[in-house]
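Protein chains in written order, with this note's numbering: chain Z, 21 to 316; chain W, 21 to 316.
2 protein chains.
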Amino acid sequence: MKLSDSSEDPLINRITDRLVQRDDVLVGPGDDCAVVTLPSGDLQLLKTDCVVEGVHYNPDENAERVGWKAIARVVSDIASMGGTPHAFVVTLVLTPDTAVEWLDALYIGMQKCAETFRLSIVGGETSSSPNGSANVISVAGTGHVHPSRLVLRCTGKVGDAIFVTGRLGGSLSGKHLDFTPRIQPAQWLVKNFKPNAMMDLSDGLAKDLPRMANTSGVSYAVDRSAIPCSDNCTITQALSDGEDYELLFTLSPELVGQLESDWPTDFPPLTRIGCIKDISHSPTQLEGGWEHFSDL
Amino acid sequence: MKLSDSSEDPLINRITDRLVQRDDVLVGPGDDCAVVTLPSGDLQLLKTDCVVEGVHYNPDENAERVGWKAIARVVSDIASMGGTPHAFVVTLVLTPDTAVEWLDALYIGMQKCAETFRLSIVGGETSSSPNGSANVISVAGTGHVHPSRLVLRCTGKVGDAIFVTGRLGGSLSGKHLDFTPRIQPAQWLVKNFKPNAMMDLSDGLAKDLPRMANTSGVSYAVDRSAIPCSDNCTITQALSDGEDYELLFTLSPELVGQLESDWPTDFPPLTRIGCIKDISHSPTQLEGGWEHFSDL
């Protein structure tokens, strides 16, 4: 059996099922970040991600934007757990015919993102790959989170309202390279209106909301007409384009009114798109979303 | 200019020079691991590395051995700083035609290494790459180190004796896949005979000893005939094959006699190969070592 014969989630379950976690691992594979307890008792977030030439960016793309994206994707995952990014490491796997100037620009973009979010790129590794291979930029990062502010994706509760930040869809028109990870709204949320569950939207709402519901053991009802679409995007695009890097979160219904009135005007728009239902409820059909091994 | 026109070290300096570190970064790029101060004041080691199909393993290689290697390389770097591995994350970049059974075996090997060294693989990311690309397994790991046991590579002192553990060369006969990271000897050393400088041998003694000397601002004299060669290996192979994953360290001369008599018999052999000299001393010629972008 080949990877292209399997969809992504069963494949990931298959490989992570055999992993054995130490007692100090609070959250292992399956959420936006892992959460480990440090010897001091503090919680640390850990995340790894990558951008691949021909998959996450085009070969002729401005390398500075690619560098921004590579770091920002990990920042977005740390944000969605309620955390603050700290120290990042970068593995580059590049073909020998890669231009040194491309590499320079990549690092300018990475450092720009690091400065914006006050994290350090503390190290890395560089390897060659055979000419003809796709270049790969793999980024791993740590973050801190106060135990009282940690939000998982598996803890959505029946009756919760479902919200998204920003507008969805149209990532390929450029947003997938220039997005702003929602660190600020996420930190404001976990401080003031702690969501019951939260994740970042990376594979499209049609893929990510069912993931959140499945892992929470719940179902959902979504008002498709309420989904906030990017300019010139259809609802289908908003559901399935992916790479939105917006926050998807659920909130206890009694907090909804206050959240909607307190939401800062300089934040991206906030939209209530539905609510969490009991598992016996048939979820709203949301077709689409990005499948890594079969969509190529 | 292409990557293949540059040697590895200037290339790495070029990209890391522009990185700006937060004040809590004790050691940034350039050593086996980065060292960051956590909010609690504890020190954390951070390392990222990768194995690439066709570069670090052959496409028909047993995936379990590849998995072991991918984790063990990072453990080796953490060992060489005096640390203990903790939490690891794995990014896989795989072509859609990769066999699921290969992936299963890869994770069996990774988990075996994780259990052996009591670390957790806490998360990961999986991305497709275009068919025809080399598969990439990128591993990032954290470790702990007590401040009194941290050893850097840039602090070798004039007069120090230079030691290596184990036997060098011949990695391609299989050792590069099945090696044992020197966690135990490294931890014994930093506790009992703290080296002035230490690193792991990944690119061959001919490449790594000059790196240690350069960053320490010193030179060295090596007795080539003292270099411990693996069975059926010449000194040239011992100098240049790379992927030994042995410890290279320097020790104050007054500790040498005691170290040599106390070195546990169940550890790999310990060999004194030379001494650290003043920078005005011409270093012993050690030709060879692995160059990532020009040796392909």
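Note that beta-carbon positions come from the ideal geometry of N, C-alpha and C, so glycine has one too.
The structure presented is a predicted model; accordingly, all values stated were derived computationally and were not measured.
### Message
In the DSSP output, which residue or residues are listed as bridge partners for proline 59 of chain Z?
### Response
Taking the first sequence and counting its residues from 1, the one referred to as residue 59 of chain Z is at position 39. According to DSSP, which records beta bridges pairwise, proline 59 of chain Z is partnered with nothing at all.
* Asked: threonine 175 of chain Z: which of Z:Thr254, Z:Val110 and Z:Leu271 sits nearest, CA to CA?
  -> Here residue 175 of chain Z corresponds to residue number 155 of the first sequence, with the count starting at 1. Among Z:Thr254, Z:Val110 and Z:Leu271, the Cα nearest to that of threonine 175 of chain Z belongs to Z:Leu271.
For isoleucine 157 of chain Z, list the residues DSSP reports as bridge partners. One-based indexing of the first sequence puts residue 157 of chain Z at position 137. Z:Val71 and Z:Leu112, per the DSSP bridge assignment.
Leaving aside the five residues before and after proline 215 of chain W along the sequence, list all residues of the same chain whose C-beta is less than 7 Å from its C-beta, in chain order.
To locate residue 215 of chain W, count along the second sequence from 1; it is residue 195. Cβ neighbours of proline 215 of chain W beyond the five flanking positions: Val171, Leu209, Phe269, Thr270 and Leu271.
*Keeping to the same chain, check which residues put their C-beta closer than 7 Å to that of threonine 118 of chain Z; ignore five residues upstream and five downstream.*
Here the question's residue 118 of chain Z lines up with position 98 in the first sequence. Excluding sequence neighbours, threonine 118 of chain Z sits near Asn155.
*Sorted by chain position, which residues of the same chain lie with C-beta nearer than 8 Å to isoleucine 299 of chain Z's C-beta, five sequence neighbours on each side aside?*
For the purposes of this step, residue 299 of chain Z is taken as residue 279 along the first sequence, with counting starting at 1. Only Gly237, Val238 and Ser239 meet the Cβ criterion.
Practice prompt. Hey, could you find the ends of the beta strand (DSSP E) cysteine 295 of chain Z is sitting in?
Written response: Along the first sequence, read from residue 1 onward, the residue named residue 295 of chain Z stands at position 275. From DSSP, the beta strand (DSSP E) with cysteine 295 of chain Z extends over 290–297.
*When the Cα atoms are used, what is the spatial distance from proline 273 of chain Z to isoleucine 182 of chain Z?*
Counted from its first residue, the first sequence places residue 273 of chain Z at position 253. Counted from its first residue, the first sequence places residue 182 of chain Z at position 162. Answer to the nearest angstrom: the Cα atoms are 9 Å apart.
- prompt: In three-state DSSP terms, what is threonine 136 of chain Z?
  reply: As a working note, residue 136 of chain Z is residue 116 in the first sequence. In the structure shown, threonine 136 of chain Z sits in a helix (DSSP, three-state: H, G or I).
Below 8 Å, can you find three or more Cβ-Cβ pairs linking the segment 122–141 of chain Z to the segment 53–73 of chain Z?
Contact fails: fewer than three Cβ-Cβ distances are below 8 Å.
Contact list for cysteine 174 of chain Z against chain W, beta-carbon separation under 9 Å
Start at 1 with the first residue of the first sequence, and residue 174 of chain Z comes out as number 154. Here the premise fails: no neighbours, minimum Cβ distance about 14 Å.
Item to complete: Report yes or no: do the segment 75–94 of chain W and the segment 151–170 of chain Z share at least 3 C-beta pairs separated by less than 8 Å?
Response: no
May I have the straight-line CA-CA distance separating valine 110 of chain W from glycine 161 of chain W, to the nearest angstrom?
Residue mapping note: residue 110 of chain W aligns to position 90 of the second sequence, counting from 1. Residue mapping note: residue 161 of chain W aligns to position 141 of the second sequence, counting from 1. Cα to Cα, the separation comes out at about 9 Å.
Quiz prompt | Beta-carbon proximity list for glycine 197 of chain W, same chain, < 6 Å, skipping 5 on both sides | solution = Translated into positions along the second sequence, residue 197 of chain W becomes position 177. It is worth fixing the name first, because residue 197 of chain W is leucine in this sequence and not glycine. Same-chain partners within the cutoff: Arg85 and Lys89.
Going by the CB atoms, is the gap between valine 159 of chain W and phenylalanine 199 of chain W shorter than 8 Å? Counted from its first residue, the second sequence places residue 199 of chain W at position 179. Counted from its first residue, the second sequence places residue 159 of chain W at position 139. In this structure, valine 159 of chain W does not lie closer than 8 Å to phenylalanine 199 of chain W by Cβ.
**OP:** Report all residues from its chain with a CB closer than 6 Å to the CB of leucine 221 of chain W; omit the five preceding and five following residues, and keep chain order.
**Re:** Residue numbering aside, residue 221 of chain W sits at position 201 when the second sequence is read from its first letter. Asp228, Asp264, Glu266 and Leu268, listed in sequence order.
* Asked: Which of the three DSSP states, helix, strand or coil, is assigned to leucine 316 of chain Z?
  -> Here residue 316 of chain Z corresponds to residue number 296 of the first sequence, with the count starting at 1. Low confidence applies to leucine 316 of chain Z: its pLDDT is 42, below 50, so where it sits in the model is not reliable, and the reading given next is rough at best. Annotated three-state conformation of leucine 316 of chain Z is coil, per DSSP.
- Is the CB-CB distance between proline 288 of chain Z and proline 205 of chain Z below 8 Å? Within the first sequence, residue 288 of chain Z is the residue found at index 268, counting from 1. Within the first sequence, residue 205 of chain Z is the residue found at index 185, counting from 1. Yes, Cβ-Cβ distance for proline 288 of chain Z and proline 205 of chain Z is below 8 Å.
- Message: Helix, strand or coil, according to DSSP, for glycine 129 of chain W in the structure here?
- Response: Taking the second sequence and counting its residues from 1, one reaches residue 129 of chain W at position 109. Here glycine 129 of chain W sits in helix by DSSP.
Proximal residues of chain Z, C-beta to C-beta of serine 60 of chain W below 9 Å = Residue numbering aside, residue 60 of chain W sits at position 40 when the second sequence is read from its first letter. Chain Z residues near serine 60 of chain W: Leu58, Pro59, Ser60, Gly61 and Asp62.
Is there a Cβ from chain Z that is less than 8 Å from the Cβ of methionine 232 of chain W?
Taking the first residue of the second sequence as 1, we reach residue 232 of chain W at position 212. Closer than 8 Å: no.
Can you give me the Cβ contacts of glycine 74 of chain W inside the same chain, cut-off strictly under 7 Å, excluding the 5 residues immediately before and after it? The residue labelled residue 74 of chain W in the question sits at position 54 within the second sequence. Counting only Cβ-Cβ distances below 7 Å, and skipping sequence neighbours, we find Ala154.
Name the chain Z residues that come within less than 7 Å of isoleucine 141 of chain W, Cβ to Cβ?
Counted from its first residue, the second sequence places residue 141 of chain W at position 121. Those within 7 Å of isoleucine 141 of chain W in chain Z are Leu39.
Specify the secondary structure class of glutamine 64 of chain W as computed by DSSP and reduced to three states. Taking the first residue of the second sequence as position 1, residue 64 of chain W is located at position 44. Strand at glutamine 64 of chain W.
Check: What's the gap between the Cα of proline 116 of chain W and the Cα of tryptophan 122 of chain Z?
Finding: As a working mapping, residue 116 of chain W is identified with position 96 in the second sequence. As a working mapping, residue 122 of chain Z is identified with position 102 in the first sequence. Whole-angstrom Cα-Cα distance: 27 Å.
- Who are the near neighbours of threonine 57 of chain W in its chain, counting only those whose CB is closer than 7 Å to its CB and skipping five residues on each side? Taking the second sequence and counting its residues from 1, the one referred to as residue 57 of chain W is at position 37. Closer than 7 Å at the Cβ level, and outside the excluded window around threonine 57 of chain W, lie Asp44, Leu46 and Leu63.
query: Along chain Z, which residues have their Cβ under 7 Å away from the Cβ of glycine 103 of chain W?
result: Locating residue 103 of chain W in the second sequence gives position 83, counting from the first residue. Near glycine 103 of chain W there are no residues of chain Z at all, since even the closest Cβ is about 12 Å away, more than 7 Å.
key: In DSSP terms, what alanine 217 of chain W is bridged to   = Here residue 217 of chain W is taken as the residue at index 197 of the second sequence, counted from 1. DSSP lists W:Thr270 as partners of alanine 217 of chain W.
Between which residues of its own chain and proline 79 of chain W is the CB-CB distance below 6 Å, once the five residues before and five after are set aside? In the second sequence, the residue the question calls residue 79 of chain W occupies position 59. Hits under 6 Å: Glu73.
message: Buried or exposed for leucine 192 of chain W, going by 16 or more other Cβ atoms inside 10 Å?
response: Counting from one through the second sequence, the residue named residue 192 of chain W turns up at place 172. So leucine 192 of chain W counts as exposed.
For valine 184 of chain W, three-class secondary structure by DSSP | Sequence index remark: in the second sequence, residue 184 of chain W carries index 164 (1-based). Valine 184 of chain W falls in the strand class under three-state DSSP.
**Asked** Quick one: Cα of valine 40 of chain W to Cα of valine 142 of chain Z, how far?
**Response** In the second sequence, the residue the question calls residue 40 of chain W occupies position 20. In the first sequence, the residue the question calls residue 142 of chain Z occupies position 122. Distance between the alpha carbons of valine 40 of chain W and valine 142 of chain Z is about 9 Å.
*Any C-beta of chain Z under 8 Å from that of threonine 304 of chain W*: Counting from one through the second sequence, the residue named residue 304 of chain W turns up at place 284. Not an interface residue.
For tyrosine 7 of chain Z and chain W, any beta-carbon pair shorter than 8 Å?
A query on residue 7 of chain Z cannot be resolved here, the shown segment of chain Z reaching from 21 to 316 and no further.
- [ ] Mind checking which residues open and close the beta strand (DSSP E) that includes serine 281 of chain Z?
- [x] For this step, residue 281 of chain Z is matched to residue 261 along the first sequence. That residue, serine 281 of chain Z, is in no beta strand (DSSP E); its alpha helix (DSSP H) goes 276–282.
Worksheet item: List, in order along the chain, the chain Z residues whose C-beta lies closer than 9 Å to that of isoleucine 255 of chain W?
Response: Within the second sequence, the letter at position 235 stands for residue 255 of chain W. None at all; the shortest Cβ gap to chain Z is about 26 Å.
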